[in-house]
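J.: The structure under discussion is supplied below as structure tokens; questions concerning it will follow.
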Ligand code: AMP
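Numbering (the numbering used here), first residue to last: 21 to 222.
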């Protein structure tokens, strides 16, 4: 378990640029997907961004579970909900936000292939080089020596909540300092305040 992972906060502008890059690669390869499958939950927004750029109307989901709380893998990945629609005879692009172990996308590809598509390929916004599975298309490669936990805009508050809770358990007064020093995440104070008010209402 990585107690306090190095973090990199990805902005919406970063995501937009990465989606552009992936879309460009898919177009250059001539895949012309008819269906996009987004992995739940990290692949949903990237799947939708790619569907928009590639003019794909049919977007399905598939649930692969692996990582528990932030930066803490919980054993091997497994597909807990299969593809949400039929893919037989279609050209399919399977999308996730990042390949780290690569297990989720590898399993998703196998599951989609079971549905007899004519072609099935994979894409991720980020690809970490130690991943045992390399997607056909990816926006940015992260060298394994520079592993980071990418804080995606769609996981921002969840990541902040879990890391702040960990930080609070070891340094109740110094959550911001600890996150800055250990994780490299300079959290705006108002975000910690907002987190506290949300927690009360959950
Ligand atoms: P994988 O280990 O490739 O099966 O990753 C499974 C999922 O866990 C990814 O789709 C992400 O949502 C999440 N994840 C794994 N590694 C990271 C990371 N370094 N940064 C952010 N999210 C991650």
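Ideal placement from N, C-alpha and C gives every residue a C-beta, glycine not left out.
Determine the burial state of residue 214: buried for a count of at least 16 other Cβ atoms within 10 Å of its Cβ, exposed for fewer.
T.: Counting from one through the chain shown, the residue named residue 214 turns up at place 194. That one is exposed.
J.: Rounding to the nearest angstrom, what Cα-Cα distance links residue 163 and residue 149 in this structure?
T.: Reading the chain shown from its first residue, position 143 is the one you call residue 163. Reading the chain shown from its first residue, position 129 is the one you call residue 149. Cα-Cα distance, rounded: 5 Å.
J.: Going by C-alpha to C-alpha distance, which of 29, 23, 125 and 25 sits closest to residue 207?
T.: Here residue 207 refers to the residue found at position 187 when the chain shown is read from its first residue. For residue 207, the nearest C-alpha among the options comes from 29.
J.: Taking just the CA atoms, how far does residue 69 sit from residue 61?
T.: What you label residue 61 is simply residue 41 of the chain shown in a count that begins at 1. What you label residue 69 is simply residue 49 of the chain shown in a count that begins at 1. The alpha-carbon atoms of residue 61 and residue 69 are separated by roughly 14 Å.
J.: Kindly indicate which three-state DSSP category residue 132 falls into: helix, strand or coil?
T.: To locate residue 132, count along the chain shown from 1; it is residue 112. Residue state, collapsed to three classes: helix.
J.: Do residue 143 and residue 99 count as a contact pair if the criterion is CB distance below 8 Å?
T.: As a position in the chain shown, residue 99 is number 79, starting the count at 1. As a position in the chain shown, residue 143 is number 123, starting the count at 1. Not closer than 8 Å, so no.
J.: Is there at least one non-hydrogen atom of the ligand AMP closer than 7 Å to the beta-carbon of residue 223?
T.: The question about residue 223 has no answer here: the residues shown for the chain are numbered 21 through 222.
J.: Among 165, 49, 47 and 42, which one has its Cα closest to the Cα of residue 67?
T.: As a working mapping, residue 67 is identified with position 47 in the chain shown. Residue 42 is the option with its Cα nearest to residue 67.
J.: When the Cα of residue 39 is compared with those of 124, 167, 74 and 194, which residue comes out closest?
T.: For the purposes of this step, residue 39 is taken as residue 19 along the chain shown, with counting starting at 1. For residue 39, the nearest C-alpha among the options comes from 74.
J.: Taking the alpha carbon of residue 140 as the reference point, which residue from 181, 46, 37 and 27 has its own alpha carbon closest?
T.: As a working mapping, residue 140 is identified with position 120 in the chain shown. The candidate whose alpha carbon is nearest that of residue 140 is 46.
J.: Report the option in 157, 137 and 35 whose CA atom is closest to the CA atom of residue 49.
T.: Taking the chain shown and counting its residues from 1, the one referred to as residue 49 is at position 29. Answer by Cα proximity: 157.
J.: What does the Cβ neighbour count give for residue 195, buried or exposed, with the cut at 16 atoms within 10 Å?
T.: The residue given as residue 195 occupies position 175 in the chain shown. Label assigned to residue 195: buried.
J.: What are the boundary residues of the alpha helix (DSSP H) that includes residue 215?
T.: The residue you call residue 215 lines up with position 195 of the chain shown. Residue 215 -> alpha helix (DSSP H) spans 209 to 221.
J.: Distance, Cα to Cα, residue 211 vs residue 97?
T.: For the purposes of this step, residue 211 is taken as the residue at position 191 of the chain shown. For the purposes of this step, residue 97 is taken as the residue at position 77 of the chain shown. Near 31 Å, if we compare the C-alpha coordinates of residue 97 and residue 211.
J.: Are there any heavy atoms of the ligand AMP lying less than 7 Å away from the beta-carbon of residue 132, as far as the coordinates show?
T.: The count along the chain shown starts at 1 and reaches residue 132 at position 112. No, the beta carbon of residue 132 sits no closer than 7 Å to any heavy atom of the ligand AMP.
J.: Helix, strand or coil, according to DSSP, for residue 21 in the structure here?
T.: As a first step, residue 21 is located in the chain shown; it is residue number 1 there, counting from the start. Its pLDDT being 46, under 50, residue 21 is placed unreliably in this model, and the value from its coordinates should be taken loosely. Residue 21: coil per DSSP, three-state reduction.
J.: Apply the 10 Å Cβ neighbour rule to residue 63 and answer buried if 16 or more other Cβ atoms are within range, or exposed otherwise.
T.: In the chain shown, the residue the question calls residue 63 occupies position 43. Flag for residue 63 reads buried.
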